[in-house]
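> For reference, the structure I am asking about is given below.
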Amino acid sequence: MYYFCTMEESNRQKKIAGVLQNDLANVLQNMLREMGQQGILISVSKVGITTDLSIAKVYVSVFPSDKAVGVVAELNEVKPKIKHQIAQLTKHQLRKMPDLTFYNDDSLEYIETIDRAVKGEDNPIKNPELLSKRKKS
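And the structure:
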(Lines of atoms letter the chains of each structure in order from A and count residues from 1; the text may use other names and numbers.)
(Lines give C-alpha, C1' and ligand atoms only; values in the text may rest on other atoms or scores of the structure.)
Protein backbone atom coordinates (compact mmCIF):
# COMPACT_ATOMS: atom_id res chain seq x y z
CA MET A 1 0.00 0.00 0.00
CA TYR A 2 1.36 3.44 -0.97
CA TYR A 3 0.72 6.64 0.90
CA PHE A 4 1.01 9.97 -0.82
CA CYS A 5 2.26 12.87 1.24
CA THR A 6 0.14 15.94 0.64
CA MET A 7 0.60 19.23 2.37
CA GLU A 8 -2.62 19.87 4.19
CA GLU A 9 -3.30 23.16 5.86
CA SER A 10 -2.91 23.12 9.62
CA ASN A 11 -5.75 24.21 11.86
CA ARG A 12 -3.83 27.39 12.62
CA GLN A 13 -3.52 28.21 8.90
CA LYS A 14 -7.24 27.57 8.36
CA LYS A 15 -8.18 29.74 11.32
CA ILE A 16 -6.00 32.65 10.19
CA ALA A 17 -7.27 32.32 6.62
CA GLY A 18 -10.87 32.47 7.85
CA VAL A 19 -10.22 35.56 9.98
CA LEU A 20 -8.43 37.28 7.10
CA GLN A 21 -11.14 36.37 4.60
CA ASN A 22 -13.90 37.96 6.70
CA ASP A 23 -11.94 41.09 7.54
CA LEU A 24 -10.62 41.54 3.99
CA ALA A 25 -14.13 41.30 2.55
CA ASN A 26 -15.33 44.10 4.83
CA VAL A 27 -12.27 46.31 4.26
CA LEU A 28 -12.34 45.90 0.47
CA GLN A 29 -16.06 46.70 0.23
CA ASN A 30 -15.52 49.82 2.35
CA MET A 31 -12.54 50.88 0.23
CA LEU A 32 -14.59 50.58 -2.96
CA ARG A 33 -17.36 52.64 -1.40
CA GLU A 34 -14.90 55.33 -0.22
CA MET A 35 -13.23 55.52 -3.63
CA GLY A 36 -16.62 56.15 -5.23
CA GLN A 37 -16.56 53.00 -7.36
CA GLN A 38 -20.15 52.42 -8.43
CA GLY A 39 -21.38 49.18 -9.98
CA ILE A 40 -18.44 47.01 -8.89
CA LEU A 41 -18.91 44.07 -6.57
CA ILE A 42 -15.88 42.40 -4.99
CA SER A 43 -15.75 39.26 -2.87
CA VAL A 44 -12.90 37.37 -1.28
CA SER A 45 -13.32 33.80 -2.52
CA LYS A 46 -10.27 32.19 -0.89
CA VAL A 47 -7.29 33.01 1.30
CA GLY A 48 -4.28 30.69 1.36
CA ILE A 49 -1.58 31.04 4.02
CA THR A 50 1.96 29.68 3.76
CA THR A 51 3.12 27.26 6.46
CA ASP A 52 5.31 29.90 8.11
CA LEU A 53 2.30 32.28 8.21
CA SER A 54 4.25 35.05 6.44
CA ILE A 55 2.42 35.28 3.10
CA ALA A 56 -1.31 35.26 2.34
CA LYS A 57 -2.57 34.68 -1.20
CA VAL A 58 -5.93 36.42 -1.52
CA TYR A 59 -8.20 35.38 -4.39
CA VAL A 60 -10.88 37.94 -5.23
CA SER A 61 -13.86 37.72 -7.55
CA VAL A 62 -14.85 40.96 -9.23
CA PHE A 63 -18.16 41.62 -10.93
CA PRO A 64 -18.36 42.73 -13.72
CA SER A 65 -15.47 40.51 -14.76
CA ASP A 66 -14.17 42.91 -17.43
CA LYS A 67 -12.97 45.22 -14.63
CA ALA A 68 -11.26 42.44 -12.66
CA VAL A 69 -7.72 42.93 -13.95
CA GLY A 70 -7.75 46.65 -13.17
CA VAL A 71 -9.23 46.16 -9.71
CA VAL A 72 -6.72 43.44 -8.78
CA ALA A 73 -3.83 45.60 -10.02
CA GLU A 74 -5.12 48.50 -7.94
CA LEU A 75 -5.44 46.27 -4.86
CA ASN A 76 -1.83 45.16 -5.26
CA GLU A 77 -0.77 48.83 -5.44
CA VAL A 78 -2.50 49.74 -2.16
CA LYS A 79 -1.42 46.58 -0.30
CA PRO A 80 0.32 48.47 2.53
CA LYS A 81 -2.84 50.45 3.32
CA ILE A 82 -4.99 47.29 3.27
CA LYS A 83 -2.44 45.39 5.37
CA HIS A 84 -2.42 48.18 7.96
CA GLN A 85 -6.23 48.22 8.22
CA ILE A 86 -6.38 44.42 8.59
CA ALA A 87 -3.56 44.49 11.17
CA GLN A 88 -5.58 46.97 13.25
CA LEU A 89 -8.62 44.68 13.13
CA THR A 90 -6.69 41.50 13.97
CA LYS A 91 -4.11 42.83 16.44
CA HIS A 92 -5.55 40.74 19.27
CA GLN A 93 -5.73 37.57 17.15
CA LEU A 94 -2.46 37.63 15.18
CA ARG A 95 1.07 38.36 16.35
CA LYS A 96 2.37 39.16 12.89
CA MET A 97 0.30 40.23 9.91
CA PRO A 98 1.15 38.17 6.78
CA ASP A 99 2.09 39.94 3.55
CA LEU A 100 -0.87 40.08 1.16
CA THR A 101 -0.83 39.26 -2.54
CA PHE A 102 -4.04 39.63 -4.54
CA TYR A 103 -5.05 37.38 -7.43
CA ASN A 104 -8.06 37.35 -9.73
CA ASP A 105 -10.32 34.34 -9.14
CA ASP A 106 -11.77 33.60 -12.57
CA SER A 107 -13.26 30.23 -11.65
CA LEU A 108 -16.88 31.44 -11.96
CA GLU A 109 -16.21 32.77 -15.45
CA TYR A 110 -14.53 29.48 -16.39
CA ILE A 111 -17.48 27.46 -15.05
CA GLU A 112 -19.91 29.66 -16.96
CA THR A 113 -17.99 29.05 -20.19
CA ILE A 114 -18.14 25.29 -19.65
CA ASP A 115 -21.83 25.51 -18.77
CA ARG A 116 -22.61 27.35 -22.04
CA ALA A 117 -20.64 24.70 -23.95
CA VAL A 118 -22.56 21.86 -22.28
CA LYS A 119 -25.91 23.51 -23.03
CA GLY A 120 -24.90 23.81 -26.67
CA GLU A 121 -24.85 27.61 -26.83
CA ASP A 122 -21.15 27.60 -27.65
CA ASN A 123 -19.67 24.59 -29.37
CA PRO A 124 -16.01 24.05 -28.38
CA ILE A 125 -15.61 21.31 -31.01
CA LYS A 126 -16.37 23.74 -33.84
CA ASN A 127 -14.48 26.59 -32.17
CA PRO A 128 -11.65 25.25 -29.93
CA GLU A 129 -10.70 28.80 -28.89
CA LEU A 130 -13.71 28.88 -26.52
CA LEU A 131 -12.16 26.62 -23.90
CA SER A 132 -8.62 27.85 -23.86
CA LYS A 133 -6.35 26.72 -21.06
CA ARG A 134 -6.76 28.56 -17.78
CA LYS A 135 -4.09 31.01 -16.78
CA LYS A 136 -2.14 30.04 -13.69
CA SER A 137 -1.74 32.79 -11.15
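Each residue of the sequence shown is one higher than the one before, counting from -18 in this note's numbering. No residue lacks a Cβ here, since even glycine has one placed at the ideal position from N, Cα and C.
May I ask you to report which of helix, strand or coil DSSP gives L34?
coil
> If I follow the unbroken beta strand (DSSP E) through L81, where does it start and stop?
D80 to N85
> Scan the region 11 to 81 and note each continuous alpha helix (DSSP H) run of 4 residues or more that stays entirely inside, going in chain order.
Complete alpha helix (DSSP H) runs here, min 4: 49 to 58 and 60 to 70.
> For Q(-6), which of E55, F44, G29 and I95 has the nearest alpha-carbon?
G29
> If you draw a straight line from the alpha carbon of G51 to that of D33, how long is it in whole angstroms?
Cα to Cα, G51 sits roughly 30 Å from D33.
> Helix, strand or coil for N7 per DSSP?
helix
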